[in-house]
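K.L.:
Residue numbers (mature numbering (1 follows the signal peptide of the UniProt record, and there is no 0)): -20 to -1, 1 to 185.
Ideal placement from N, C-alpha and C gives every residue a C-beta, glycine not left out.
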C-alpha cells in the first residue's frame, strides 16, 4: 500500500509537470503585483509572507489553484489576503508565475545554535514513541521537498512562517494538505517541537 501511494503521488506530479507550460519571462512581468509582499525575486523581507523564490513550480501552482478555488466559494485554501490576489489569475498566469519564482534563488537562513540538536533529532528521526515520522520522508534531508509529489521546499523559508503553518495545520485552520498528512503530523507536535523545527529546517541547504 505504501509503495502504491508513493507511485500514485509521483505519477500525479509527473503528469502535472508535463502539462505545465510556464514562461519564466512572462511570469516576471506578471510578478510586479506579487513584489509588494513576496519581494521582486520571491525573497520576502517580512516574515509573515513566505519566500517563494526557489519553491517548486508544482507546489506554487497547487497553492494558487487552491487559493483561487476558495476565493470562488469552492473547496480550497482559505487565505483572506492571497485569495483575492489569486482570483483573477488564469491557468497560464499561474504557470508563468510558478516558472518565474521557482527559477529564483532563495536567500539562506542561519540555524540558531540552541536548536540544532533538538531540531535535527526531530527532523531527521522523528519520535516513534509519539508516532511522529521523520520530516525527511517528505521534505528530504536538506529541506528541499519533492517536486513531483508537490512536497514543498522548506530550506531558507522564514522560521516564523513555517511556525505559523505548522500551528495552522495542528489547529486545522489550514487544511489543504493531501489526505490530511500534515495535520496528522502537526497534531502530535508540542509548541516547543514547532519552535525548534521551524528554526532548524529553515536553515537547511
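1) Do you know offhand how far residue 11's Cα is from residue 170's?
2) In the structure shown, what three-state DSSP assignment does residue 131 receive?
3) Please go through the same chain and pick out, in chain order, the residues whose beta-carbon is closer than 8 angstroms to the beta-carbon of residue -11, but skip the five residues on each side of it.
4) By the 10 Å Cβ neighbour count, where 16 or more other Cβ atoms means buried, how is residue 53 classified, buried or exposed?
5) Is residue -17 helix, strand or coil when you go by DSSP?
6) Going by Cα to Cα distance, which pick from 92, 15 and 137 is closest to residue 80?
7) Quick one: give me the first and last residue of the alpha helix (DSSP H) that residue 102 is part of.
8) Am I right that residue 69 and residue 102 are in contact with their C-beta atoms under 8 angstroms? What's the rounded C-beta distance?
P.N.:
Taking the definition as stated:
1) 37 angstroms
2) strand
3) Confidence at residue -11 is low in this model, with a pLDDT of 44, below 50, so the placement of that residue should be treated as unreliable; the coordinate-derived value is given next. For residue -11, where only same-chain residues beyond five positions count, the Cβ hits under 8 angstroms are 128 and 129.
4) exposed
5) Any reading at residue -17 must be qualified, since the residue scores a pLDDT of 37, below 50, and its modelled position is unreliable; the value itself is stated next. Residue -17: helix per DSSP, three-state reduction.
6) 15
7) 96 to 105
8) Contact doesn't hold; Cβ gap of about 36 angstroms is too wide.
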